[in-house]
Amino acid sequence: MRGEEVVIGSFSVSVKLLLDGSGPLWLSAVYGPNNPSIRKEFWVELSDLFGLTYPSWCVGGDFNVIRRRSEKLGGSRVTSSMRDFDGFIRESELHDPPLRNASFTWSNMQESPVCKRLDRFLYSNEWELSFPQSLQEVLPRWTSDHWPIVLDTNPFKWGPTPFRFENMWLQHYNFKESFSSWWREFEGNGWEGHKFMRKLQFVKAKLKDWNKNTFGMLKERKKTISDEIANIDAIEQEGALSSDLVAQRAIRKGELEELILREEIHWKQKAKIKWVKEGDCNSKLFHKVANGRRNKNFIKLLENERGLVLDSSESITEEILLYFKKLYSCPPRESWRVEGIDWSPISEESASRLDSPFAEAEIFNAIFQLDRDKAPGPDGFTIAVFQDCWDVIKEDLVRVFAEFHNSGIINQNTNASFIVLLPKKSQSKKISDFRPISLITCLYKIIAKVLSGRLRGVLQETIHSTQGAFVQGRQILDAVLIANGIVDEKKRSGEEGVVFKIDFEKAYDHVNWDFLDHVLEKKGFSPRWRSWMRGCLSSVSYAILVNGNAKGWVKAARGLRQGDPLSPFLFTIVADVLSRMLLKAEERNLLEGFRVGRNRCRVSHLQFADDTILFASPREEEVQTIKSLLLVFGQISGLKVNLDKSNLFGINLDQNHLSRLALLLDCKASDWPILYLGLPLGGNPIACGFWDPVIERISRRLDGWQKAYLSFGGRITLLHSCLSHIPSYFLSLFKIPASVAAKIERLQRDFLWSGVGEGKRDHLVRWEAVCKPRIIGGLGIGKIPLRNRALLGKWLWRFPRESTSLWHQVILSIYGTHSNGWDANTIVRWSHRCPWKAIAQGFQDFSKYTRFIVGDGERIRFWEDMWWGDQILKDQYPRLFRVVMDKNIPISSILGSSRPFTWNFNFRRNLTDSEIEDLERLMHSLDCMNLSTSASDARSWSLCSSGLFTVKSFFTALSQMPDSSPFFPTKFVWKSQVPFKVKAFIWLVAHKKVNTNDLLQLRRPHKAISPDISSQDGLRSSEKHFRHDVHQLQRIWQVQERAPLLQPQHFAWHSIHNFVQLHPNTRARVQLRESIEQDQEKTESLKIQMQELENNIQTVDAKIQHTEATLKDLRKLQDQISTKTAERSTLFKEQQKQYAALAEENEDTDEELNEWKTKFEERIALLESKTSKLEREMDDTETKGSFLKQTINDYIWEISKLQTEAEVHSSLKNERDSTIQKLFARNNLGSLPSVPSAMKLL
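Here full-length UniProt numbering is used: the first residue of the sequence shown is 1, the next is one more, and so on.
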């Protein structure tokens, strides 16, 4: 390497280097300004350097600005300088590697330190291709307030890696046949499980030879085929191409495409990427991600327990082996048994079902539920082999399960595991900073999957409702909703309390097997099931993968493996004992917990696997009880609480008291908000800072370097992936502010239309159109606020269906019941921090799509609920509803429980003839329905044929727009059998948004070809492009064997219309060439005519725009006149109806006034009783007093409103009396009988 050129700027020094065997490299050192006012100049200089050094550039130094909030100790608000820095990195498509052994690079070196990450290296994708295994690390500092950083570009020293099955082998046409012959070729004796593993080893040896001989090396084969194609192309340039060479080239191209697909599958398997589809030519992305994973997981240095830093592979391996031998060894101890708690054992029927023989269908379902691309264990095979070769292995596999059912024994080869160490954080120094994940053999994985499927079905019988993990019908967000609800209620009530978030030390690895067996026995599991569990645990052995190389074997004596399908369920059973112990302490009044709501619902703890949070009063006695229970539980189960990492939080509690309690527990006292199960607890969802973690995660996921490796179709797929996984977790519980939704959509929009090396790109299609469903021409991304409302609607659906769940009871206690008897109260007058308030705000939209299914008719309101027809009955029969006594009467009270119906309507007066007719129609329409006393009433979702709620259907309903968009060829675009990136391009073509030269003239004139430059055939470049490349479209057409013909209006170009008219064949191509030759003869005249036409079109366009504006104004005026006319016509008709009904209504006026008086008096009495009740309940505090005052004012206002209505009613009565008096006088009917006035009645 040697230097060639030096460039010195105001803030940087750059050097051009030449590397042997490679192109030039640029290295820049920078020092960013501290003054924000001149940082703009800094970014301009860096952007100029990016243009100068493109494509291979590395820049490093002190930028004097952080990029993200997490790069400052304690967090930071997002500043304009941070946004500019992040924008520069994204637009320049630079890679920002993590720091391996530290979080920050600068501190103020004070007692209360301020730490930031001001120094970093950034490099381009091309630089990374030259140095694919670069690491960025922090060095020790001596005198400076900065830590030096170094970018190590030396390649890693990886050891030999074990055999791993390549999923790309499955693409070979002869693989399954070869696998079948190898499988049947092996003959062996002994245990079925042992024989099965020996067969796999035999096939493994055959596969290695087959890969060398038949499959070959990908790179060499690709190069050979590419050279052959290039030679044939060179012969074609000389005009000597024979038919044999044409056929040979077509064959070689097919082979090359197949090799490219295999290579893509190979790197996708290494990269562990699930969101990108195969066949979309993303091999570079997979290669990049795979290298990134290797760099991240590589252990270069390790600090042992004595603080010594180990840097040799031998010492690192020795330290890791010693650590795991100690971790999984079980020291001698007494056997503990727990008595006196409620175990809630499973039923005998469930225990018998667990022990039943294994069926082939059960094994088949388990195999096809497993992820086919998961990393293999010591056997080297992926589940994809078992799925694709099920017909070959199923008989042997069924025999293995039958043997296990009888003996419960699993041999050590079957239960061997690799442990791979994944860093928990970027600066992992100690072995405890790594998470051990077990890679198990496929055979054991299938056995464990079948057993876990059975166990999942019975856990709800024995696991307490405070545990939310791995139990059917319970979800992770239930615990977060409960925690936020009770913390918010506690804060609002002014009551004191503490929240204790505990951390278990190596939870899975410390589970005691004897204690687990004791718990299974107490919970009613059979001896056979317990022997199966002992067989699954006692035969475990580990080899540790140190930088990809398997080292040593460790025999386990305790612990559950992370990666074993059984482990989560067994751990949940163990953790349930702690829950039962806490409940027993509640019964003995040793623990109070939190009591919230009108029902004083008690919650003392919540669990989700090993995530446990406790709620307690601030009494020292209760805190000491909690500590004692945790210590006892740790002693008997092995699950010890790491008090150093546990945190205590106070509610309405002074800091001194909280510190005393934390000292008693030997933990830390911390401030709100906290992070619980990945979501904030005690935060403010309206504040933008609440959502910063979401925006940062999306920003990291949509990092600028990825667009260099992704096609337009790949970016669409990544957007869908980010939208589904990252923000949806937050959106499922909290309402997103409009400004935050706009930020996220801006990130998505910029990423979708980003290009490679071109800076900011045109947004070719409006974002509103992109968000539309695919069926009407969009990409189906959807608006975030609408998705948020749809996700929150799921809670409204679940509430009446899960009446026994803990979260239902808590919400019901805090907020009460809705008047319909099904839902929780949707009127939440307090606390913008409460998640349920945001959920309740969507009730009006949600209720539009719900219907009731009548069972016994006990819960459905006859008049008020939607259960018969398309409208509620009070709207179908308003006159009957007006005179009925009980407005909220259920169906069963009116119809009775059996036929014939009792028709118990209880009207307030005798019905008129018209009302009798309405009643007859109602009774006739209901005559065909039946009540079922054996079934309860239910609610259904009208948007799905199944009647069950789905977020997708609700989101689609909320996204409904007027059907004003033109027809879109959805089936042709998205159902085509072509790579997804081709579909994405066709989508752009269908929208007429491809950047052809004529459109570039409008958008980016500096990038377009001058319109004065004439083309060979005189056509515009957009038409010429499609005429010239029409044979490329023929290949796509051939794939669409069953696709409907495209219509010309789908696309903008006349040449595509010609292509559709002339179906691709030889004759069509000849006709097309002849047509082009004829067009060339008319070029000059066409140019003149086109220029004249363009001038005329511009003139006509101006006139059309003026005319359209005038017509638009006239249409508005016409619409206004029509609206006024319709309103006047409606008003006149209503007046005519009132005059016609005047005489008939007068007969009932006196009776209605009496009824109105009775109703008025009842309402006054009810309001007075409510007022007195509220006075009794709310005179204890000033807060409740102010609430009472406001409520009384509301009631006084309602009373005055009723009085006003009475006066209006009296006035109307007087007018009617006067009108009738005139009628009597005019017709000589005598004097009108006197009636009491409305005011006298009052």
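Built from N, CA and C at the ideal position, the CB exists for glycine as well.
{"Query": "Output yes or no for whether 9 Å exceeds the beta carbon distance between residue 437 and residue 451.", "Result": "no"}
{"Query": "What whole-angstrom Cβ distance do residue 729 and residue 650 have, given they're in contact under 8 Å?", "Result": "Not really, about 27 Å apart at Cβ, beyond 8 Å."}
{"Query": "Between the Cα of residue 790 and those of 661, 347, 10, 845, spot the shortest distance and give me the residue it belongs to.", "Result": "845"}
{"Query": "Between the stretch 936-954 and the stretch 792-806, can you find at least three pairs of beta-carbon atoms closer than 8 Å?", "Result": "yes"}
{"Query": "With respect to the alpha helix (DSSP H) encompassing residue 199, which residues constitute its N-terminal and C-terminal limits?", "Result": "192-210"}
{"Query": "With a threshold of 16 other CB atoms inside 10 Å of the CB of residue 119, please say whether the residue is buried or exposed.", "Result": "buried"}
{"Query": "Which residue spans inside the stretch 926-997 form an unbroken alpha helix (DSSP H) run of at least 4?", "Result": "951-958, 970-974, 980-990"}
{"Query": "Considering Cα atoms alone, identify which of 934, 901, 935, 911 is closest to residue 925.", "Result": "901"}
{"Query": "Under 8 Å Cβ to Cβ from residue 1249, same chain only, skipping five residues before and after it: list those, please.", "Result": "The structure shown does not extend to residue 1249, since the chain spans only 1 to 1242, so no value can be given for it."}
{"Query": "Under a three-way DSSP split, which group does residue 19 fall into?", "Result": "coil"}
{"Query": "Which complete beta strand (DSSP E) runs does the stretch 407-489 hold, if anything under 3 residues is left out?", "Result": "416-423, 434-440"}
{"Query": "Less than 9 Å separating the beta-carbons of residue 922 and residue 876?", "Result": "yes"}
{"Query": "Let me make sure I understand the geometry here. Which of 593, 607, 609, 598 has the alpha-carbon closest to that of residue 616?", "Result": "593"}
{"Query": "Rank 559, 321, 595 by C-alpha distance to the C-alpha of residue 330 and give the top, closest one.", "Result": "559"}
{"Query": "DSSP three-state call for residue 623: helix, strand or coil?", "Result": "helix"}
{"Query": "With residue 661 and residue 623 assumed to form a contact (beta carbons below 8 Å), what rounded beta-carbon distance in angstroms separates them?", "Result": "5 Å"}
{"Query": "Hey, how far is the Cα of residue 238 from the Cα of residue 715?", "Result": "41 Å"}
{"Query": "My understanding is that residue 28 touches residue 49, with C-beta atoms under 8 Å, so please give their C-beta distance in whole angstroms.", "Result": "6 Å"}
{"Query": "Regarding residue 72 and the ligand ZN, is the C-beta to nearest heavy atom distance less than 8 Å?", "Result": "Although the ligand ZN was asked about, the structure shown includes no ligands whatsoever."}
{"Query": "Below 9 Å between beta carbons: does that hold for residue 534 and residue 638?", "Result": "no"}
{"Query": "Select from 368, 339, 458 the residue whose C-alpha is nearest the C-alpha of residue 353.", "Result": "458"}
{"Query": "Once the 5 residues before and after residue 335 are set aside, which same chain residues still bring their CB inside 7 Å of it?", "Result": "514"}
{"Query": "Going by C-alpha distance, which of 85, 861, 114 is nearest residue 122?", "Result": "85"}
{"Query": "Starting from residue 365, trace the alpha helix (DSSP H) both ways and give me its first and last residue.", "Result": "360-369"}
{"Query": "Could you check where the beta strand (DSSP E) with residue 137 kicks off and where it finishes?", "Result": "135-138"}
{"Query": "Helix, strand or coil, according to DSSP, for residue 849 in the structure here?", "Result": "coil"}
{"Query": "Would you kindly work out how many angstroms separate the C-alpha atoms of residue 474 and residue 675, rounded to a whole number?", "Result": "20 Å"}
{"Query": "From residue 185 to residue 174, what does the alpha carbon distance come to, in whole angstroms?", "Result": "17 Å"}
{"Query": "Among the residues of its own chain, which have a CB less than 6 Å from the CB of residue 773, if the five just before and after it don't count?", "Result": "780"}
{"Query": "Which class does residue 601 belong to by DSSP, given the choice of helix, strand or coil?", "Result": "strand"}
{"Query": "Who pairs with residue 13 in a beta bridge, going by DSSP?", "Result": "8, 29"}
{"Query": "Drop a sphere of 10 angstroms on the beta-carbon of residue 991, count the other beta-carbons inside from all chains shown, and report buried for 16 or more, exposed for fewer.", "Result": "buried"}
{"Query": "Contact check, residue 387 vs residue 372 under 8 Å by CB: the rounded distance?", "Result": "6 Å"}
{"Query": "Please report whether the beta-carbon of residue 872 lies at a distance below 9 Å from any beta-carbon of chain C.", "Result": "Here chain C cannot be found, since the structure has a single protein chain."}
{"Query": "Where residue 195 and residue 414 are concerned, what is the direct C-alpha to C-alpha distance, given to the nearest angstrom?", "Result": "10 Å"}
{"Query": "So is residue 596 buried or exposed if we call it buried at 16+ other beta carbons inside 10 Å?", "Result": "buried"}
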